[in-house]
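Novice: If you scroll down you'll find the structure; I have some questions about it.
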RNA sequence: GCGCCUGUAGCUCAGUGGACAGAGCGGCGGACUUCUAAUCCGCGGGACGGAGGUUCGAAUCCUCCCAGGCGCACCA
């Protein structure tokens, strides 16, 4: 049975332990098939988990503990019964009970062979396609106004948003990335005036923009805005973010009049207000300022036009990726959707927290007003695209992060991004030598502990990805990639691939490992090098 | 005052109900005639901000409190 998570727009196939749903259509994975068999044996849904201790088996389940209450029997007794039934299964080698009622399972090497065969057969699609509904989703990200270069904060927005977009696309949704910018507001006027001042050799006006880039723009001809936009696009491209579309506020603003008739508006103090409180807003909003305040449409007016535009363009879902300082708009967007008669569930606002940098142990002070910021380009110049993307996305988006620039730039074993990449490069090295040699997933009778750990880790991948997708938490991938690399490096150190008796199996194993490492990295925009 | 986010090892952070809480960095000590030592192995290090509650079981769920960050404009 698939379990629909309508809020998240996705349907998962793998076990949904975090939703509380028990039964799942997991026939596609080796773990899932085992869960199904055990479910039949137990007469109740069985969810397997990976114990942290090796002495607790390959997999374990707490089903006896769950059943104890309903069946009015001691959990250990139930577990003992299940253990007896479980060992009768061909794929279960050993089953033990442990207080207060756990059932621990050790699996046969045949199971490991099946699990690996399945990964090999899935190929590049391993872990993909967890969404059943092929929704169209727009992810709007970065969207900084072109008054200056993309900063490190914008870089986190992009690294995070792009990774979410990659996850959604991998799950099977049709994803488009959009950049929205204000090309007309007063900030833009201040920006233009600042460049003009620089061209005249004057200091920037009050409330203007300063910084080296203003002088660089002053050296170019014409309106500085297109130049700035071009530079932003280049920076983001280098950061491996490709936008499908660029939305201009000025263009959208022309559609405001046709929308006003559909809204419940009124005039007060010379301004045009919308009665948003009727839709749950905490206060009514001004849409068009009074003449003495310039008579221009407000940002809120633009929000309304833009939101309608997104949904009318055919996106089933619109995701806004915003800095935490914009958290106030989250409710506002829901209000807009209701005012316009759209299902608010189609609007999703994801907030990410701020970024701090440290150099030499000290926090790098940043002030946007003085043009004294660390830009995306500078950050990338210093630590590389791979390290930049890794560090910006490796932590939960709800977490304020502090990046140690000295560590991030270090190309050594201290740096987890290279630790993972090195595992990939090592495998690539083996496979170069293994050209033409046969690989086979069929497992030998005896498997080394490192082989078992590696297969189990690979088997975790589909659930890791699916969960990262529904939770909008791409940081699970770097975390997983480190563990996978860890299992591989240990395997590599203790076991030999080429020339070993298990060569064919191990070739299949490392080939699958390489693919999953590469995929884990790709989903967060990090490259997987063939050589290091 | 109201709202959102966060408090886990010296530092940076994983861990959204299970078994003695994990990783990286930093500290200490070992392993290279081998498919890449950017690796591996070992040792130290924690009242999971605090107090209650729910549960067989809580870092995880609920309530309150404390601390930090960020918002609550006819600013963009």
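Numbering (the numbering used here), first residue to last: 14 to 545. Every residue gets a Cβ at the ideal spot worked out from N, C-alpha and C, and that includes glycine.
Any idea what DSSP makes of residue 531, helix, strand or coil?
Specialist: It is helical.
Novice: What residues in its chain sit with their C-beta under 6 Å from that of residue 332, if we drop five residues either side in the sequence?
Specialist: Closer than 6 Å at the Cβ level, and outside the excluded window around residue 332, lie 152, 361.
Novice: Under 9 Å, do residue 433 and residue 533 count as touching if we go by C-beta distance?
Specialist: Yes. Within cutoff.
Novice: Could you give the DSSP three-state label for residue 406: helix, strand or coil?
Specialist: The answer is helix: DSSP assigns residue 406 an H, G or I state.
Novice: For residue 312, name the three-state secondary structure that DSSP assigns.
Specialist: Residue state, collapsed to three classes: helix.
Novice: Taking the alpha-carbon positions, what's the residue 466 to residue 294 distance?
Specialist: About 53 Å.
Novice: By DSSP, does residue 366 sit in helix, in strand, or in coil?
Specialist: Three-state result, residue 366: coil.
Novice: Short of 6 Å in beta carbon distance, which residues of its chain neighbour residue 543, apart from the five on each side in sequence? Order them along the chain.
Specialist: Only 441 meet the Cβ criterion.
Novice: For residue 288, name the three-state secondary structure that DSSP assigns.
Specialist: Coil, per DSSP.
Novice: Assign residue 254 to one of three DSSP states: helix, strand, or coil.
Specialist: Three-state DSSP puts residue 254 in coil, outside helix and strand.
Novice: Secondary structure at residue 411, three-state DSSP: helix, strand or coil?
Specialist: It is coil, neither helix nor strand.
Novice: Quick check: what's the CA-CA separation for residue 535 versus residue 528?
Specialist: C-alpha separation (whole angstroms): 10 Å.
Novice: Could you check whether residue 192 and residue 292 sit closer than 9 Å to each other, using their CB atoms as the reference points?
Specialist: For residue 292 and residue 192, no; Cβs fall outside 9 Å.
Novice: Which value, in whole angstroms, describes the spacing of the CA atoms of residue 367 and residue 52?
Specialist: Spanning the two alpha carbons is a distance of roughly 45 Å.
Novice: Counting along the chain, where does the beta strand (DSSP E) carrying residue 111 start and finish?
Specialist: 105-111 is the span of the beta strand (DSSP E), which, as asked, contains residue 111.
Novice: Return the chain-ordered ranges of every alpha helix (DSSP H) run that is complete within the segment 457-515 and spans a minimum of 4 residues.
Specialist: Listed in chain order, they are 462-483, 489-507.
Novice: Helix, strand or coil for residue 36? Go by DSSP, reduced to three states.
Specialist: In this predicted model, residue 36 has a pLDDT of only 30, less than 50, meaning its place in the structure is not dependable enough to derive any value.
Novice: Can you name the start and end residues of the beta strand (DSSP E) that residue 74 belongs to?
Specialist: Where residue 74 is concerned, the enclosing beta strand (DSSP E) stretches over 72-74.
Novice: Pick from 513, 439, 401: whose alpha carbon is nearest that of residue 422?
Specialist: Measuring from the Cα of residue 422, the nearest candidate turns out to be 401.
Novice: DSSP three-state label for residue 536, please.
Specialist: Residue 536 falls in the coil class under three-state DSSP.
Novice: Taking 8 Å as the threshold, find out whether the segment 272-290 comes into contact with the segment 324-340 through three or more Cβ pairs.
Specialist: Verdict: no, contact absent.
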